[in-house]
Structures are given as C-alpha cells and as structure tokens.
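Heads up, the thing below is written out as structure tokens.
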Amino acid sequence: MKPTQALIALAAIVYAAPVVEQTKALAPPLAELDTHFEHHIKRCGKDEPTFLGRFPFANETYNQLTDGTPCRNVTMIYARGSRQAGNVGKANNTGPALFNSLADRIGLENLAVQGVTYKARRRDYIFKGGCNEGSKTMARLINQAASQCPDTKIVIAGYSQGAQLLHKAAKNVTAGVTQHIAAAVTLGYPEKPMGKIAASRSLSVCRPGDSFCDKTIPWKPFVPFVGAPLWWFLTMLDTHGDYNENATAVANWIADRVTNIG
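For reference, each letter of the sequence shown is one residue, going -16 to -1, 1 to 246 in mature numbering (1 follows the signal peptide of the UniProt record, and there is no 0).
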C-alpha cells in the first residue's frame, strides 16, 4: 500500500470511531454541601466552638459564672500561671487539662468553669508574692458563686502564680462562703494552709524536681547567674511546666470531693 493510501485509510478509521462524550461531574448544590459538613463547621455566635473528641475545653478564656451560663452542679474557679494566655491558659496548659479530666469524670453538663482575669506578670510572682488585685478578683468570684448558685459545689484551683492568688483569696472569704468550697487545689506552689478550708478538702501538688514548688534547692530570681548550673535551671523550668500531666489524678481527687461532701 502506498503511503498516501495508508494515510487515507487511517483517517477513515479515526473518523468512523465512535465519539465518547466526556461529561464533567456537576458540583453539588451549596445547600447539600452545607448539610453534609454541618457537624464540622464552626458556627458564629455566642456558643463556644465545638471541640471534637472527649476534650471540650479548648479555649483560652472561660467565664461561665459571669456570662449568663445557668448554674451547674460544680463551679471551678481557676487562676492560671504567669504569662499564660486568656484567663485559663492554652488548651495544653494545666487549667484546660484539668477541666477536661474533671468533665470526663463528672460529666460536661455538670461543670462550669470560670477563669480569674489578672495580669499574671512574672515580676509580681517573684517580687510581690503574687498579684493582689488578682487575689481580690478571685475572692469576689468565690463570693459570687456562693450567692448566685447556692447549690453549686465550688472548686478553686491555681497553678504557680495562680496558686498564690488562691491562698490570698481563701483568706479573704467568710467561714460561711468557705462551707461552699468542696475542694481547693494548688499546683506548682509550696504547700500552705488555704484559709479556713479543711485539710481534707485541700490538695497541694508538687512535681519532683520542681524547686519553685518544693524548695528542695534554694533558688532566687535569675538562678543561672548566682551559681546554679544552667542545665539544672532549664530542667526545673520544664518540670514546673508539666503539671498538665497531673490533671487526671487531681481530677479524680476533686471528683471524690464534689460527689461526697461532708
């Protein structure tokens, strides 16, 4: 077959071949997409954003005592540590870890969380023994919880400088209000009496190696510059920041107090 004849034959075959129509898939209507993803879309409004999984406390700020949230069986008033975000700290900090563990024990619907808003400056922690205005704010919140929700079981807790606030606040509430406090917890701060709160309702948690808390090695501000090894100081700081790892044990202790109040 001559080349010209071959080309003509090939063209005839291509022309005779059936044409396969390529149809683009139609995009589903927006309404269908909205319905499909409605459980995963964060809606704007006053409600807190949904946090998937077992851990609903993912925000840096909680004001469930002062924002109109109905009274719940347990009200946690929490003071965060120095320079932590919001009024309770980030989701992986001590406070939210504790709230989530407690909610897992007693049920989310039974727990209201109220953070203490204060400046949380390190210089106040080191040189002034904590923020006085912050401790007054915490005492006011304790009083408000007792009067606004008389049947709620109040839990007060503080981490590091927040524990300083707790000690001062506990001294400034009346014996009558103290009776509403089912549990008081400090984390990362030396053990001391907590006002008029009974020892059976008080817990002080110190992690081994946290000299800010247990004073096993005397320390002063700027320890690395007064002779202590830098590696020790940095290790101690890491230990002081790991109290989120104690959340489950502390939540179990609190749960026992809020379900069995003598």
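All C-beta atoms in this analysis are idealised placements derived from N, C-alpha and C, irrespective of residue type, glycine included.
Keep in mind that this is a model prediction, so the values were computed, not measured.
Check, Outcome
"Beta-carbon gap between A231 and L95 smaller than 7 Å", "no"
"C-beta atoms of A129 and T59 nearer than 7 Å", "yes"
"Reference V242, options I165, S188, G193, F196, closest by Cα", "I165"
"Length-filtered (3 minimum) beta strand (DSSP E) runs lying within the segment 99 to 167", "137 to 143"
"Same chain, Cβ closer than 7 Å to D194, five either side skipped, listed in chain order", "G172, M220, T223, H224"
"Contact under 7 Å by Cβ, K155 with G179", "yes"
"Cβ-based burial, F206 [other Cβ within 10 Å; buried from 16]", "Low local confidence applies: a pLDDT of 48 at F206 is under 50, so the model's placement there is unreliable, with the coordinate-based value given in what follows. It counts as exposed."
"Continuous beta strand (DSSP E) stretch holding I61: start and end", "58 to 63"
"Helix, strand or coil at N84 [DSSP, three-state]", "helix"
"For N77 and T101, believed in contact at Cβ under 8 Å, the rounded distance", "Not confirmed; about 16 Å, so no contact."
"With 16 other Cβ atoms within 10 Å as the buried cut-off, status of F209", "Bear in mind that the predicted position of F209 carries a pLDDT of just 46, short of 50, making it too unreliable to give a figure here."
"Cα-Cα separation, H151 to G160", "17 Å"
"Local Cβ density within 10 Å of P54, reported as buried at 16 or more and exposed below that", "exposed"
"Separation of G99 from A167, as counted between CA atoms", "16 Å"
"For R106 and Q68, the rounded distance between their alpha carbons", "10 Å"
"Opposing strand residues paired with S184 [DSSP bridges]", "DSSP output for S184 lists no bridge partner at all."
"Proximity of R89 and A239 at Cβ, strictly below 7 Å", "yes"
"Sub-7 Å separation of V169 and A141 beta-carbons", "yes"
"Beta-carbon spacing of G65, Q163 below 7 Å", "no"
"Exposure label - residue 247; buried when at least 16 CB within 10 Å", "Because residue 247 is not part of the residues shown, which for the chain are -16 to 246, the question remains open."
"As assigned by DSSP and simplified to three states, the class of L10", "Because L10 carries a pLDDT of 41, less than 50, the predicted location of this residue cannot be relied on, and the following value inherits that uncertainty. DSSP places L10 in coil when its eight states are reduced to three."
"Distance, S188 Cα to G246 Cα", "Residue confidence for G246 is low, a pLDDT of 41 falling below 50, so the modelled location carries little weight and cannot support an answer."
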